[in-house]
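For the sequence shown, position 200 matches number 231 in the numbering used here, and the numbering has no gaps at all. These notes concern the structure reproduced below.
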Amino acid sequence: MHAFRTRRLPLLFLPLLLAGAHSASAALRLPAVFTDHMVLQQKQADPIWGWDAPDTAITVTFAGQTKTAKADANGKWTVRLDPMPATSTPGVLTVQGSEKKEITDVVVGEVWVCSGQSNMEFPVNRCWDGDLETMAAKFPGIRLLSVPIKGTQEPQDDFKGQWKSCAPDTVGDFSAVGFFYGRLLHEILGVPVGLIDNSWGGSAAEAWVPRDVLEKDGRFQALMERTAKSEAAAGNPETLAKYEADLAAWKTKSEEQKKAGKPVPRAPNSPAAWLSGNARPGNIYNGSLLPTIGYGIKGAIWYQGETNSARAAEYTDLFPLMISHWRKQWEQGDFPFYWVQLADFKAEKSEPGDSDWAELRESQTKTLTAIPQGGQAVIIDLGEAADIHPRDKRDVAERLARWALAQNYDRKMVFRSPEYKSLTVAGDKAVLTFDLFGSPALRAHDSGTPTGFAICGEDHKWVWATAKITGKDSIEVSAKDVPNPVAVRYAWADNPVCNLTNAEGLPLTPFRTDSFPKAAPAKP
């Protein structure tokens, strides 16, 4: 998937940066998560950390508090502030060590991490009405922090960046889902909101997990074997020679296309690019996530899965493992973690059958029962067949925000999409019941007749079904060619035609009642 931000630092500057960091190691240094305009998480003991010469006495003051520490043998020090209520009144956080540093315009409110791939990275200025949204984004109480993309096997403790107040000249390139989510919380709760965006277009879930965690878990043996092969291939002379030949051919073809006034084809990827890319296990965790771990947050929102769509069974284990490990490393307990289910995408199929994207959505739904404090925004109605980056990000953010407002901020509302509950068969009819999670009833949008159901008998041959709502939480499904139904599927396709929602307009979660193997399993 396309990466919307090019934030990686050129490799030629890396030695200079490392040399600069080394020469400054004896002086007081604060990481980029602590800069002017930052937001501290309210009502919890927020850590403040940095580096100075070993054994240096450190004093941190903020809002009438004074905390002290001593730099350890490696120069690292940490203090924890006492929990504070939210405040929009800016303060100054002072750190005194071998020198004095002041962080100004610091407020206290709600802090959320915005992670995932390009649909989380998708910027405000590219969504529907992005020009209007950008011009109207005058919210000094919302603060934005963008973490540069960096893929590496070496754990990082800092990055180049700084907090910025939300304004028309700062919000345009920021995550649209993150901004709309944060704006809702800011306006409804009336407190400052900090948003940390570390998304990376096209990223694979395994890149967000430490490599050693995956290596020690037998469920990911095949994944790590593929990783080892990719790493070996990246330095293989034959692979490099092929790349050079492909690159030469691409240059020739590009010149021909330019002269003919035709689009230039995409350049071949360097084998070495994978090593520092967004799919190698551990790369994003080490490069972009780790420098922020420990900063006081309320929770995280996540929009990813497209890159892993051909490996849904693996994702069933990988996704909850990733969430659990983040929580373990953050040391803030089971903080809220809300994700976006894959949207509808690609061509509509005339016949029912198997779907990689449907299986990945199922894996995402299973995560609801695999971890505590998780939530899923179903957006099966918001996608675009010809664009993997649907431009409607406001509705996506609103469905995520419902989870947070209801679960974490005590707002009374329906927040969860209906989900399949049970199946009973009566003759040639399959009767389905659903959990409505506080909604009064199911409804069929637009036509009034439910669409999107498929049914099969013992032969496992799927046909489209006729469906009707028989109660506030029940639907009857049948097909004239299936006298003895055994299983039902709903919205089980890359881009399904379906129309069921609850009374509040939240879509019915795609589901299947079977666990049949795919007719033709996809290759990894």
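The beta-carbon is built from N, C-alpha and C at its ideal position, and this holds for glycine as well. Predicted, not measured: the structure shown is a model, and the values here were computed from it.
Taking 7 Å as the cut-off, the beta carbon of Ile486 is found closer than this to the beta carbon of Val519. For Val224, the beta-bridge partners assigned by DSSP are Glu141, Ile173. In terms of Cβ geometry, Glu429 and Lys460 do not form a close pair [threshold 7 Å].
Proximity to Arg60 across Lys74, Thr109, Gln73, Val70 peaks at Thr109, based on C-alpha coordinates. Contact check for Ser119 against Gly172 passes: the beta carbons are separated by less than 7 Å. By the beta-carbon neighbour count (other beta carbons within 10 angstroms, threshold 16), Pro516 is buried.
Going by C-alpha positions, Ala76 is about 27 Å away from Pro179.
Distance from Ile328 to Leu431 at the Cβ level is roughly 15 Å; contact not present, criterion being Cβ atoms closer than 8 Å. Under DSSP, Gln372 shares a beta bridge with no residue. Spanning the alpha carbons of Lys492 and Asn300 requires a straight line of approximately 42 Å. Going by DSSP, Thr125 is part of the beta strand (DSSP E) stretching over 118-127. In this chain, the alpha helix (DSSP H) harbouring Trp388 covers 387-401. For Asn533, the enclosing beta strand (DSSP E) covers residues 531-533. Under the three-state reduction of DSSP output, Phe468 falls in the coil class, being neither helix nor strand.
Between Leu176 and Ile227, the C-beta gap is smaller than 7 Å, which places the two residues in contact. By the CB criterion at 7 Å, Pro541 and Ala510 fall outside the cutoff. Looking only at Leu454, Ala435, Ala498, Lys452, the smallest Cα-Cα distance to Leu216 is reached by Ala435. According to DSSP, residue pairing for Val110 in a beta bridge involves Ile79. Note that the C-beta distance between Met255 and Glu246 is below 7 Å.
In its chain, beyond the 5 residues on either side, Leu71, Gln73, Met115, Ala117, Thr118 have a beta carbon closer than 6 Å to the beta carbon of Val139. By the neighbour-count criterion, in which a residue is buried when 16 or more other Cβ atoms sit within 10 angstroms of its Cβ, Leu531 is buried. Between Pro538 and Val371, the C-beta spacing is not below 7 Å. For Tyr440, no alpha helix (DSSP H) segment is defined, and its DSSP state is neither H nor E. Nearest to Trp495 by alpha-carbon distance, out of Ala279, Tyr346, Asp512, Lys169, is Asp512.
In its chain, beyond the 5 residues on either side, Pro481, Ile500, Asn530, Leu531 have a beta carbon closer than 7 Å to the beta carbon of Ala475. Pairing Lys195 with Ser319 gives a Cβ-Cβ distance that is not under 7 Å. The beta-bridge partner set that DSSP reports for Ser196 consists of Arg174. When Asp67, Phe210, Thr90, Asn150 are compared, the shortest CA-CA separation from Arg111 is found for Thr90. Within a 10 Å sphere around the beta-carbon of Val295 sit fewer than 16 other beta-carbons, which makes this residue exposed. For Lys452, the closest of Arg425, Ser470, Lys443, Ser505 by C-alpha to C-alpha distance is Ser505. Closest by C-alpha distance to Ala63, out of Thr347, Lys98, Thr323, Trp143, is Thr323.
In this structure, Ile134 keeps its C-beta atom at 7 Å or more from the C-beta atom of Trp231. Annotated as distal: Asp387 and Ser355, with beta-carbon spacing of 7 Å or more. Val208 sits in a helix when the DSSP states are folded into three classes. Of the candidates Pro367, His420, Asp412, His68, Pro367 places its Cα closest to the Cα of Gln438.
With fewer than 16 neighbouring CB atoms inside 10 Å of its own CB, Gln96 falls in the exposed class.
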